[in-house]
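Peer 1: Residue 229 in numbering that gives the first Met the number 0 sits at position 230 of the sequence shown; the count goes up by one each step and never skips.
The C-beta atom is built at its ideal place from N, Cα and C for all residues, glycine as well.
Model, not experiment: these values are computed from the prediction.
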Amino acid sequence: MKLKMLVAFILLFSITGCSLVESEGSGDKIQVELDQAIDGDTLSVFLDGESENIRLLLIDTPETSHPRLGKQPFGQEAKEFTKNLVEQAEILEIEYDIGQKRDKYDRLLAYVYVDGKMLQEELLKQGLARVAYIFPPNTRYVDQFQAIQKDVQQQGVGIWSVENYAQEDGFHPEFTEAETTTTETSGCKIKGNIGSEKIYHTPESPWYEQTIAEVMFCSEKEANEAGFRAPKQ
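1) Quick check: the segment 150-158 against the segment 46-57, are there 3 or more CB pairs under 8 Å?
2) I'd like to confirm the pairing. Which residues does DSSP put opposite Asp38 in its beta bridges?
3) Who are the Cβ neighbours of Asn163 in its own chain at under 7 Å, not counting the five residues just before and after it?
4) Count the other CB atoms, across all protein chains shown, that sit within 10 Å of the CB of Glu183; report buried if there are 16 or more and exposed otherwise.
5) Work out the CA separation of Glu213 and Glu221 for me, nearest whole Å.
6) Whole angstroms are fine: how far does the CA of Leu57 sit from the CA of Met215?
7) For Ala77, does the count of other Cβ atoms within 10 angstroms reach 16, so buried, or fall short, so exposed?
8) Are the segment 84-92 and the segment 141-149 in contact at 8 Å, needing three or more beta carbon pairs?
9) Contact defined as beta carbons within less than 8 Å: I believe Gly74 pairs with Gly48. What is the distance between those atoms, to the nearest angstrom?
10) Measuring CA to CA, which of Met117, Glu196 and Asp34 is closest to Ala241?
11) At which residues does the beta strand (DSSP E) containing Lys190 begin and terminate?
12) Which residue marks the beginning of the beta strand (DSSP E) containing Lys197, and which one marks its end?
13) At which residues does the beta strand (DSSP E) containing Asn223 begin and terminate?
14) Secondary structure at Asn52, three-state DSSP: helix, strand or coil?
15) At which residues does the alpha helix (DSSP H) containing Phe80 begin and terminate?
16) Beta strand (DSSP E) containing Val151: first to last residue?
17) Spell out whether any CB of chain D is found under 8 Å from the CB atom of Val44.
18) On the DSSP letters alone, give me the boundaries of the beta strand (DSSP E) that Leu108 sits inside.
19) Please say whether Ala109 and Tyr95 have beta carbons closer to each other than 8 Å?
20) If contacts are defined as beta-carbon pairs under 8 Å, then Ala128 and Thr60 qualify, I think. What distance do you get, rounded to the angstrom?
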C-alpha cells in the first residue's frame with residue numbers, strides 16, 4: 000500500500016511538471032567565499048572550490064583601470080566601497096536570475112549579498128552606480144533598483160552630483176572636467192550643482208570634494224534664494 004502511494008505521488012509530480020528539487024535560478028542564495036574585490040561591480044569568489052569572477056547584475060559603476068576608458072570619476076570610491084563591504088562580510092552569498100548565467104567574458108552574472116544586504120542596492124544608495132545592462136529575463140529586481148536610483152538622483156549624490164556625467168550609454172568624464180564658474184578663491188565655499196534638481200553642497204557634505212561646482216555661493220541663504228537646496232540626508 001505504501002509503495003503504491005509513493006508511485007502515485009511521483010507520477011503526480013511528473014504529470015504536473017513539478018519537481019521535488021527547486022530549479023536553479025529560482026531565487027535561492029548560494030554561499031561563497033571571497034577571493035578579492037576587482038572593481039565596484041566585479042569581484043572574485045571561490046565557488047565549489049573554483050575561483051570565479053562575478054559581475055553584478057543590472058548595475059554599472061565607473062571604471063578604475065579599464066584598458067580603453069582608464070580611470071573614471073567615482074570609480075575608486077565605488078571600488079573601495081565594495082572592497083570594504085565584502086572584506087568585512089561574515090556571510091557572502093550570490094543569487095542567479097532566470098536568464099543566462101555568464102557574460103561574454105565568462106563572468107558569472109549574479110546578485111551579491113553581504114550579510115543579507117544586496118550589494119547592488121547599497122552601491123545605488125551611495126550614488127556609486129547606475130542601473131544598466133538590462134537584458135530580459137534577468138530583470139528580477141530592476142524596478143526596485145530604478146526606484147532607488149530615482150531617489151538618489153533627486154538628492155544629487157555621488158555620480159549624480161555632476162550634471163550629465165552618468166547617462167544611459169555610460170559615464171562621461173568630460174563633464175567633470177568642464178570649466179566652472181566659481182568664486183571659490185574669494186572665500187565662497189558652497190558648491191551649487193544643477194542636475195535634475197538644484198543641489199548645493201557645503202564643505203561638511205560627504206560629497207563636497209567630488210562635486211564639480213557650476214556656481215558657488217557664500218552662504219546657504221544665498222543658495223536657497225537662488226532655488227538650490229541641501230542634499231537629503
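Peer 2: Once the coordinates are examined:
1) no
2) Thr41
3) His171 and Phe174
4) Only weak support is given to the placement of Glu183: the predicted model assigns it a pLDDT of 44, under 50, and the value that follows is read from those uncertain coordinates. So Glu183 ends up on the exposed side.
5) 15 Å
6) 35 Å
7) buried
8) no
9) Wrong, their Cβ atoms sit about 31 Å apart, outside the cutoff.
10) Residue 241 is absent from the model: the chain starts at 0 and stops at 232.
11) Ile189 to Ile193
12) Lys197 to His200
13) Where Asn223 is concerned, there is no enclosing beta strand (DSSP E), although the alpha helix (DSSP H) it sits in stretches over Glu219 to Glu224.
14) strand
15) Gly74 to Gln87
16) No beta strand (DSSP E) holds Val151; the alpha helix (DSSP H) holding it covers Val141 to Gln154.
17) Judged by its chain identifiers, the structure shown contains no chain D, having just a single protein chain.
18) Leu107 to Val113
19) yes
20) 5 Å
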